[in-house]
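Data block below; observations after.
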Amino acid sequence: MQRSLAALVLMACLAVALPVAAHVNDVEADSQTATDGEIAVESTSVPSDGFLVVHRVTDDGDPGEPIGHVPLEGGRRYANLGVTVAPAAWESWGDAREVWLVVHESGDDPGFDPDDDPIQRTLGGIAGERITVAKGSARGYVLAEDFEPKTIGDSATVRRVVAPERSRLELRVRRPSGPGPVVGERTLSAGATRTSRSPSRATCSATAVPRRFWPASRTRTGRRCGRATDRSSRTSRSSTGRGNPGRR
Numbered sequence: 111m112q113r114s115l116a117a118l119v120l121m122a123c124l125a126v127a128l129p130v131a132a133h134v135n136d137v138e139a140d141s142q143t144a145t146d147g148e149i150a151v152e153s154t155s156v157p158s159d160g161f162l163v164v165h166r167v168t169d170d171g172d173p174g175e176p177i178g179h180v181p182l183e184g185g186r187r188y189a190n191l192g193v194t195v196a197p198a199a200w201e202s203w204g205d206a207r208e209v210w211l212v213v214h215e216s217g218d219d220p221g222f223d224p225d226d227d228p229i230q231r232t233l234g235g236i237a238g239e240r241i242t243v244a245k246g247s248a249r250g251y252v253l254a255e256d257f258e259p260k261t262i263g264d265s266a267t268v269r270r271v272v273a274p275e276r277s278r279l280e281l282r283v284r285r286p287s288g289p290g291p292v293v294g295e296r297t298l299s300a301g302a303t304r305t306s307r308s309p310s311r312a313t314c315s316a317t318a319v320p321r322r323f324w325p326a327s328r329t330r331t332g333r334r335c336g337r338a339t340d341r342s343s344r345t346s347r348s349s350t351g352r353g354n355p356g357r358r
């Protein structure tokens, strides 16, 4: 079975998401391809000491068994954080699996204990993110988040893309049922592409996982994206602004 990245997809959102300060429990991450069990987390923050924990997803869609964690220092906002799945869990991963990335409070005892370190909540829900992680021979992910509102013009900027092979970065309209029409694209060589950031104002979100592993319904607040300021970061929009919905 083919495990390589089919496409890196950047999906445009309609609402502007406000930046999150470090006094709020927050996790931002997207679906991706991993090679050794390390999951790339765009950002996370906690007001007090805690843990970022990888959970299996239960049949009801809730966080289940914890299978990896990293400690978090209160009052900090972490960017580009890695959290590794336990070796035994990664060995039996299969092609792809959904996981929860969840912030836990730190109890009185050192180290992580799911019985003593409860899940944190924010705005009435779990302080976490549910994503798909595919297992592949090379990593693939998109880092598109910024911490300031951005304006999208004729092109959009993403901070970093890691492509396991020659791939296409797509800017797409995001719909409740999943990725919508393509409104821009750029071909990328295998490896990491760093991109620049500049003032801008719309939101977008990104996935870096083979299409067949996309969740059936993926509804997210979205990432901020912006106007490109160098050639390496540019994805051009179509002249109509609508792209080609049928392109695959």
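Per our numbering, the very first residue in the sequence shown carries number 111; after that it's consecutive. Where is the CB? At the ideal position from N, CA and C, for every residue including glycine.
CA-CA distance, G238 to A189, rounds to 15 Å. By DSSP's assignment, V209 forms a beta bridge with R166 and I241. The C-alpha of G246 lies about 12 Å from the C-alpha of I149. R186 sits exposed, since fewer than 16 C-beta atoms from the chains shown fall within 10 Å of its C-beta. Following the DSSP letters along the chain, one finds E201 inside the alpha helix (DSSP H) bounded by residues P197 to E201. Secondary structure of T194 (DSSP, three-state): strand. Listed in chain order, the non-local C-beta contacts of L298 below 8 Å within the same chain comprise L118, V271, A273, R276, S277, R278 and L279, local neighbours out to five positions each way being set aside. Nearest to P197 by alpha-carbon distance, out of G184, H179, W210 and D223, is H179.
Closest option to D170, judged by alpha-carbon separation, among V292, L281 and V209: V209. A check of alpha carbon separations from V164 across L182, S155 and V193 identifies V193 as the nearest. Boundaries of the beta strand (DSSP E) around P173: P173 to L182. 8 Å or more divides the Cβ of G160 from the Cβ of L191. Taking the Cα positions, R166 is about 34 Å away from V293. Ranked by Cα distance from A199, the options V156, P176 and D225 are led by P176. The alpha-carbon of D223 is positioned some 9 Å away from that of S216. Counting along the chain, the unbroken beta strand (DSSP E) around R270 starts and ends at R270 to A273.
When DSSP states are grouped into helix, strand and coil, G147 belongs to the coil group. In the three-state DSSP reduction, V156 falls in the strand class (E or B). In the structure shown, the three-state DSSP call for A189 is strand. The C-alpha of D146 lies about 13 Å from the C-alpha of D205. Annotated as distal: P173 and I241, with beta-carbon spacing of 8 Å or more. For G221 and I229, the gap between their C-alpha atoms comes out near 15 Å.
According to the DSSP secondary-structure assignment, D223 is paired through a beta bridge with no residue. S277 sits in a strand when the DSSP states are folded into three classes. Per DSSP, reduced to three states, the secondary structure at G250 is strand.
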